[in-house]
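Asks:
Residue numbers (our numbering): 9 to 163.
(1) Does the distance from the CB of residue 5 to the CB of residue 111 come in under 9 angstroms?
(2) What separation, rounded to the nearest whole angstrom, lies between the Cα atoms of residue 43 and residue 154?
(3) Could you give the residue range of the alpha helix (DSSP H) that holds residue 152?
(4) If you draw a straight line from the alpha carbon of residue 69 to that of residue 77, how long is it in whole angstroms?
(5) Skipping 5 residues on each side, what residues in its chain have a beta carbon closer than 7 angstroms to that of residue 46?
(6) Taking residue 135 as part of the beta strand (DSSP E), name the residues at either end of that continuous run.
(7) Across which residues does DSSP place residue 43 in a beta bridge pair?
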């Protein structure tokens with residue numbers, strides 16, 4: 009079941025917990041970077057890995073998704089295509105960076121996904137640039153409201 013608050017897609021329920029990473033649906037609330045990484049050839053169980061920076065939470069995040077029978081359904085299209093949406097097609101093996109300020113070192117984020125994915129040489133530098141570019145940016149009304157709902161304050 010997808011969760012949406014104030015036009016923001018909050019992800020899918022995993023058990024009793026809604027996915028805390030926020031994906032904005034309107035351009036003014038573009039709030040995070042995402043770098044989709046190809047799985048290592050020796051990790052056929054990995055569907056995809058993702059690292060990025062979530063500006064409102066001021067944290068990097070690292071995710072690894074494994075293959076599931078649903079992700080491999082031929083009627084659903086290729087499990088490894090590069091469509092923007094679709095991370096929910098796999099099962100979450102790893103998800104770090106869901107709390108404010110939880111993961112602040114690009115090398116640490118990369119180290120979490122490196123056993124599962126191919127890492128571009130410039131990824132740490134790009135993550136640092138994205139963190140620096142976000143410095144001083146303020147949350148929009150949607151982001152403030154979602155933080156109040158999820159965390160009880162706007163942090």
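Virtual Cβ for every residue (Gly too), placed ideally from N, Cα, C.
Just so we're clear, the structure is a prediction, and the values are computed from it rather than from any experiment.
Replies: Taking the coordinates as given:
(1) In the structure as shown, the chain starts at 9 and stops at 163, and residue 5 therefore has no counterpart that could be examined.
(2) As a working mapping, residue 43 is identified with position 35 in the chain shown. As a working mapping, residue 154 is identified with position 146 in the chain shown. The alpha-carbon atoms of residue 43 and residue 154 are separated by roughly 24 angstroms.
(3) As a working mapping, residue 152 is identified with position 144 in the chain shown. Residue 152 -> alpha helix (DSSP H) spans 149-159.
(4) In the chain shown, counting from the first residue as 1, residue 69 sits at position 61. In the chain shown, counting from the first residue as 1, residue 77 sits at position 69. Straight-line Cα distance between these residues: approximately 26 angstroms.
(5) Indexing the chain shown from 1 puts residue 46 at position 38. Closer than 7 angstroms at Cβ, skipping near neighbours: 125 and 126.
(6) Within the chain shown, residue 135 is the residue found at index 127, counting from 1. No beta strand (DSSP E) holds residue 135; the alpha helix (DSSP H) holding it covers 131-142.
(7) Stepping through the chain shown from its first residue, residue 43 is reached at position 35. Answer by DSSP bridge pairing, in chain order: 59.
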